[in-house]
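Respectively, the protein sequence lines represent chains A and B. If you use my numbering, the first sequence corresponds to residues 67 to 397, in order. If you use my numbering, the second sequence corresponds to residues 67 to 397, in order.
There are 2 protein chains.
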Amino acid sequence: MYQGNQTICFDNPPHILSHYAVVGKKEGEGPLRDLFDRIENDPYMGEDNWEKGESSFLKAAIEGALSKSETANADFIIAGDLLNQCTASGYGIRGMNCAFLGIYGACSTMAESLIVGSALVSGKSARRALCATSSHFCGAEKQFRLPLEYGGQRTPTAQWTVTGSGAVILGEDGGKVRITHATAGKITDMGVSDANNMGGAMAPAFIDTLEAHLAASGRSAGYYDAIFSGDLGFVGKDIAIELAHNDNIDLSRNYEDCGCLMFDSQTQDTHAGGSGCGCSASVLCSYILPRLESGKYKKVLFIATGALMSPVSSMQGESIPAIAHAVAFES
Amino acid sequence: MYQGNQTICFDNPPHILSHYAVVGKKEGEGPLRDLFDRIENDPYMGEDNWEKGESSFLKAAIEGALSKSETANADFIIAGDLLNQCTASGYGIRGMNCAFLGIYGACSTMAESLIVGSALVSGKSARRALCATSSHFCGAEKQFRLPLEYGGQRTPTAQWTVTGSGAVILGEDGGKVRITHATAGKITDMGVSDANNMGGAMAPAFIDTLEAHLAASGRSAGYYDAIFSGDLGFVGKDIAIELAHNDNIDLSRNYEDCGCLMFDSQTQDTHAGGSGCGCSASVLCSYILPRLESGKYKKVLFIATGALMSPVSSMQGESIPAIAHAVAFES
Chain A
67 MYQGNQTICF DNPPHILSHY AVVGKKEGEG PLRDLFDRIE NDPYMGEDNW EKGESSFLKA
127 AIEGALSKSE TANADFIIAG DLLNQCTASG YGIRGMNCAF LGIYGACSTM AESLIVGSAL
187 VSGKSARRAL CATSSHFCGA EKQFRLPLEY GGQRTPTAQW TVTGSGAVIL GEDGGKVRIT
247 HATAGKITDM GVSDANNMGG AMAPAFIDTL EAHLAASGRS AGYYDAIFSG DLGFVGKDIA
307 IELAHNDNID LSRNYEDCGC LMFDSQTQDT HAGGSGCGCS ASVLCSYILP RLESGKYKKV
367 LFIATGALMS PVSSMQGESI PAIAHAVAFE S
Chain B
67 MYQGNQTICF DNPPHILSHY AVVGKKEGEG PLRDLFDRIE NDPYMGEDNW EKGESSFLKA
127 AIEGALSKSE TANADFIIAG DLLNQCTASG YGIRGMNCAF LGIYGACSTM AESLIVGSAL
187 VSGKSARRAL CATSSHFCGA EKQFRLPLEY GGQRTPTAQW TVTGSGAVIL GEDGGKVRIT
247 HATAGKITDM GVSDANNMGG AMAPAFIDTL EAHLAASGRS AGYYDAIFSG DLGFVGKDIA
307 IELAHNDNID LSRNYEDCGC LMFDSQTQDT HAGGSGCGCS ASVLCSYILP RLESGKYKKV
367 LFIATGALMS PVSSMQGESI PAIAHAVAFE S
């Protein structure tokens with residue numbers, strides 16, 4: 067049921083049937099190394115370019131989630147990525163013989179796919195929906211920043227795009243964890259135009275969606291055992307805590323950021339932390355959902371954030387529109 | 067309810083509350099000139115570049131559909147476009163203060179947005195959903211082909227990207243036309259790698275989705291007063307008729323293509339016809355939906371087609387994955 071304030075309370079809360087996270091070498095050397103389903107050391111995954119490599123990461127996550135589920139199929143795949151025309155998804159899913167709905171929410175894509183998938187399953191439009199996304203450090207640097215071969219200096223606020231993918235299968239029943247609510251984000255643009263400070267651009271969108279969700283659900287931030295932002299990184303996380311504090315929301319105790327969890331910034335030279343669609347997706351599938359399944363968490367709010375600019379819009383002097391989508395899990 | 071074969075039969079068929087089509091000068095000189103809500107002669111629509119111009123076309127369509135509807139609001143906007151990172155949508159919808167779900171289905175985007183919007187409304191996740199998309203000839207040529215200033219020759223199979231946008235508001239009740247079924251496409255790739263022959267690449271996807279829809283619904287092609295493909299153009303339309311004939315489906319009497327309807331190829335130098343997300347969207351909103359409302363049509367199947375490649379994948383020698391999404395309307 068639509069609850070107002072951009073928020074859905076699902077009449078038939080979809081259940082998490084399975085999930086799978088695959089990441090690259092650097093991610094596999096980070097603090098979450100023991101939690102991923104698969105660590106793939108070859109960034110090409112046997113292909114001859116990074117774009118096809120990213121498709122292979124996505125494919126591995128989708129096939130992994132399918133193989134871990136009882137039915138091993140889905141009625142719809144809902145996926146997207148950061149590459150122009152979302153080709154990591156288009157080429158990765160080609161050949162899977164499954165209905166496909168492509169989405170684009172930049173780094174908020176995992177939460178957006180869960181919203182669309184949940185709406186389909188809750189509304190009986192699908193029995194099972196597979197939600198997935200991916201990102202790739204090399205492909206993202208090439209497309210959004212500078213060729214890797216150039217060896218450009220990274221600013222302290224820059225984040226490190228995660229090479230990896232996560233996939234979740236939603237179904238009508240089964241599994242210990244379900245999605246009870248979702249809040250879709252509005253576009254927020256506070257005028258930040260520095261494409262090396264995504265956390266700063268996205269933090270206000272995170273707060274906007276968090277506040278809409280709390281207003282619609284009548285909950286406080288303390289209701290949740292944990293609240294996760296997608297990939298604000300260390301810079302954006304601090305801004306988010308301060309913005310929340312200004313609005314009398316206490317995020318000092320139960321708030322974490324997937325971009326901060328992914329790497330050890332002290333030893334891995336990743337500056338402000340991880341980013342990319344694959345960051346929040348792989349942290350969700352390796353760290354958050356298992357903790358819900360084990361009972362360590364009972365209630366979690368997952369808010370993935372995305373920056374909706376392109377290199378063209380940045381070159382045209384535009385500021386960065388940001389968005390955040392929230393999904394509430396319960397076990 | 068999910069009916070199998072990629073197909074949803076909506077338990078609560080969403081109603082079309084309003085629709086709006088805005089197109090550019092060349093489209094406004096074509097056969098449908100008297101049917102569009104607005105013809106805008108300035109391709110920049112007052113902005114200083116084509117990308118922002120496209121955002122303005124999208125914004126005009128969304129605001130037009132809202133102003134034509136009784137409630138003048140929507141719970142969610144579902145939109146996407148052809149520009150890298152879907153920036154026509156991101157920047158066009160920024161400032162609208164409405165929850166936004168970005169999608170990407172290349173030229174199939176209008177049908178995909180209607181599928182997602184219908185699932186939200188039918189499943190009570192939204193009271194009203196606004197579905198929209200846009201494309202822009204100049205922005206698409208610059209991004210996918212050659213700079214306009216280069217004055218490159220166009221091949222006979224090349225299509226002309228429509229400058230324009232269409233927007234539809236779906237709601238639980240009201241309006242004479244409703245969406246009864248939707249069939250989401252699978253990715254089809256027959257190995258076509260000529261980016262100047264989109265119709266050839268997309269025709270098999272159109273047939274694949276048409277056949278899935280007919281199998282799931284138990285209908286024949288003759289059940290519909292009219293079947294529309296999105297933008298196969300003259301080349302793709304002929305291929306589609308032949309492919310259908312081979313499978314014993316008769317498309318000789320009630321089948322039209324939005325790309326063929328948009329321009330007069332004899333006088334407008336548009337070669338194989340119109341294309342782009344804005345093509346099927348503006349034909350839907352100006353030609354198809356009014357004919358359903360007037361009773362000229364009672365049952366229509368709208369199948370928008372998309373080619374999911376990017377310039378990078380084409381340069382890497384990849385073939386073109388295609389997809390088609392179908393929506394069934396009844397008045």
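All C-beta atoms, glycine included, are put in the ideal place defined by N, C-alpha and C. Quick caveat: nothing in here was measured; it's all calculated off a predicted structure.
| Asked | Found |
| --- | --- |
| CB contact check: D255/B to chain A, cutoff 9 Å | yes |
| I235/A - DSSP class collapsed to helix/strand/coil | strand |
| Contact with chain A by I307/B, beta-carbon distance below 9 Å | no |
| In DSSP terms, what G161/A is bridged to | In DSSP, G161/A forms no bridge with anything. |
| R244/A, enclosing alpha helix (DSSP H) - first and last residue | No alpha helix (DSSP H) contains R244/A, which is instead part of the beta strand (DSSP E) from R244 to T249. |
| Within-9 Å CB hit, V378/A to chain B | yes |
| Cβ of L374/A within 9 Å of any chain B Cβ | yes |
| CA-to-CA distance, Y321/A to N107/A, given in whole angstroms | 31 Å |
| Supposed contact pair A338/B and G251/B - C-beta distance, whole angstroms, cut 8 Å | The Cβ separation is near 21 Å, so there is no contact. |
| A127/A versus Y86/A: straight-line alpha-carbon distance, rounded | 6 Å |
| Inside the stretch 277 to 332 of chain B only - beta strand (DSSP E) runs reaching at least 3 residues | 292 to 295 and 321 to 323 |
| With 16 other Cβ atoms within 10 Å as the buried cut-off, status of E136/A | exposed |
| Helix, strand or coil at I181/A according to DSSP, with G and I counted as helix | helix |
| K252/B: first and last residue of the uninterrupted beta strand (DSSP E) it sits in | It is not in any beta strand (DSSP E) - K252/B carries neither H nor E in the DSSP assignment. |
| Three-way DSSP call (helix, strand, coil) for D103/A in this model | coil |
| Near-chain B residues of the stretch 241 to 272 of chain A - C-beta to any C-beta below 7 Å | A250, G251, K252, I253 and D255 |
| K190/B: contacting residues in chain A (beta-carbon distance under 8 Å) | M67, Y68, D77 and G189 |
| I74/B, DSSP secondary structure in three states | strand |
| Run of the alpha helix (DSSP H) containing V349/B, from where it starts to where it stops | C343 to V349 |
| Neighbourhood of A282/A by C-beta distance below 6 Å, restricted to the same chain and skipping five residues each side | Q69, G70, N71 and T73 |
| CB contact check: P387/B to chain A, cutoff 9 Å | yes |
| Endpoints, the beta strand (DSSP E) within which V393/B is located | A388 to E396 |
| Proximity winner among G325/A, G257/A and D239/A, relative to R160/B (alpha-carbon distances) | G257/A |
| Nonlocal neighbours in the same chain, by C-beta distance under 8 Å from F329/B, ignoring five residues either side | K92, E93, G96, P97, W226, T336, G339 and G340 |
| Given C345/A as reference, the closest of T371/A, Q334/A, G361/A and K364/A once Cα atoms are compared | T371/A |
| Status (buried if at least 16 other CB within 10 Å, exposed otherwise) for M381/A | exposed |
| Residue-chain proximity (A185/B, chain A), Cβ-Cβ < 9 Å | yes |
| Residue of K190/B, E178/B, L214/B and V234/B minimising C-alpha distance to S352/B | V234/B |
| Euclidean distance between Cα positions of K365/B and A392/B | 13 Å |
| Residue ranges of each alpha helix (DSSP H) within the stretch 118 to 171 of chain B, 4 or longer | 153 to 159 |
| Local conformation of R357/A per DSSP, three classes | helix |
| Residues that D141/B contacts on chain A, provided the C-beta gap is smaller than 8 Å | Y68 and Q72 |
| Cβ neighbours of D239/A in the same chain (closer than 8 Å, five flanking residues each side left out) | H81 |
| Interface positions of the stretch 208 to 235 of chain B facing chain A (Cβ-Cβ less than 7 Å), listed along the chain | none |
| Cβ pair P109/A, H202/A closer than 9 Å | yes |
| Under 7 Å by beta carbon: chain B residues contacting C152/A | Y170 |
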